[in-house]
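Data block below; observations after.
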């Protein structure tokens, strides 16, 4: 038995080596700025001396040591302690997808109008991620805008935990709120590190800055034994070189700097590395994903595969205005190349307008896109025990396979490949039903999903216990 599976690869062994060597030159000659005294002390122990203008230059041998100490795979668990997925060397399930990213606005699924993101929207988004089958992770979906408690990011983490049993990727900007949120999750779940269901997400400041807030949160996470994502975000032509080659080398250098820092704090720290490459569109003053940035995303994934480090990359979100042509084109290009490339995790599906507005309709559409792409990526099997010629011989020239033995046995599998959102109209059926447009059917389906959301059985208990914790420790 042999499988026919589509694959994409863009870097040769020689090109991988060049990117690595260029990245080492960036670290050893240009260096990185490290803002935290405590973080600089960690680097000083292995490089010696002090640093002018907080600039740390990392020798190649220290990078190599870090590459040898980092784990090659990370297992993530659902909140009920069942294995959710593995990232890295043992990853058999293809690209893992999650919904979220820190939006400020919420797009109404009925008409795409936007309102400020609220606690209720965190609840809806998390429950939506819990319900849709193609998403294996729920990331922080938005920043609560109407919060007077000063702990809105902690409240968002509580709503995420209460409304899904899937693993969480939490993005919290303020270090004190991050500490409180992790402490709350520990209080609610006890041991977070044994079978981790929380995957914190951190960014350095591009270009080439390890800022104090990020290193503080890394210290806290590593002390607790948790895995985390360290991801660089660069806009070619603004915060990164305008060339794809330059962007790849610099972002890769940032990732290696984060890797070194994590392994200096504690050798063997589990870390997921990746970048979110984009371009800066000067005409409209926004960042955008393009065919070039998706290539850089794939190249970054291949670099991490070369290093044997779990990878997280782009999710193709933020380009569109809603569930529109802009959105669909980028999602298909991003998710298809992810799933037949080496991208390990795409954690942030579902936003529009340069990742400012969370759209449930876009999430539901992406769920369908991912479903079809995973079927494509799975390929098909040439089974030595199954003779395809038997079916051909049984029907013969001029016959019909409609009622053949093989068709009757397998037609249900073919039916499952069709869209779960849109009916297979003939022209006559479409006209008879008033010529509906595809977006209206998507909105109807999205509303149906939102009306039938699945929430965990312990939803109320988690909320009550979490709110008591927040009240006690935030005052």
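Numbering (my numbering), first residue to last: 2 to 476. For each residue, glycine too, the CB sits at the ideal point set by N, CA and C. Note that the structure is a prediction, hence the values are computed from the model and not measured.
Taking C-beta atoms under 8 Å as the contact rule, residue 64 and residue 25 qualify, at a distance of about 6 Å. Residue environment analysis places residue 202 among the buried positions, since at least 16 neighbouring C-beta atoms fall within 10 angstroms of its C-beta. Separation of residue 254 and residue 43 (C-alpha to C-alpha, rounded to the nearest whole angstrom) is 18 Å. Restricting attention to beta strand (DSSP E) runs no shorter than 3 residues, the stretch 309 to 366 encloses them at 346 to 350, ordered along the chain. Out of 357, 296, 452 and 93, the CA that lies nearest to the CA of residue 12 is found in 296. When 368, 58 and 130 are compared, the shortest CA-CA separation from residue 163 is found for 130.
Between residue 214 and residue 176, the alpha-carbon positions lie close to 6 Å from each other. A Cβ-Cβ separation of about 15 Å leaves residue 348 out of contact with residue 94 under the 8 Å criterion. DSSP, reduced to helix, strand and coil, places residue 185 within a helical segment of the structure shown. For residue 5, the enclosing beta strand (DSSP E) begins and ends at 3 to 5. The C-beta distance from residue 344 to residue 302 rounds to 5 Å, short enough to meet the 8 Å contact threshold. Look at residue 166 here: in three-state DSSP terms it is coil, with no helix or strand label.
Distance from the CA atom of residue 445 to the CA atom of residue 425, rounded to whole angstroms, is 16 Å. In the DSSP assignment, residue 220 falls within the alpha helix (DSSP H) that extends over 213 to 224.
In this structure residue 192 is exposed. Its beta-carbon is surrounded by fewer than 16 other beta-carbon atoms within 10 angstroms.
According to DSSP, residue pairing for residue 34 in a beta bridge involves 56 and 210. In terms of Cα proximity to residue 135, the closest of 412, 366, 240 and 441 is 366. A direct Cα-to-Cα measurement between residue 150 and residue 458 gives close to 27 Å. The secondary-structure analysis by DSSP pairs residue 116 across a beta bridge with 107. In this structure, DSSP gives residue 410 a helical state, which the three-state scheme calls helix. With respect to the C-alpha of residue 106, the residue from 91, 146 and 127 having the closest C-alpha is 146. The C-alpha of residue 429 lies about 30 Å from the C-alpha of residue 113. Between residue 200 and residue 261, the C-beta spacing is not below 9 Å.
Assignment of beta-bridge partners to residue 277 by DSSP yields 234.
Between residue 143 and residue 126, the CB-CB gap stays under 9 Å.
Take residue 333, set aside five residues on each side of it, and the residues of its chain with a beta-carbon closer than 7 Å to its own are 370, in chain order.
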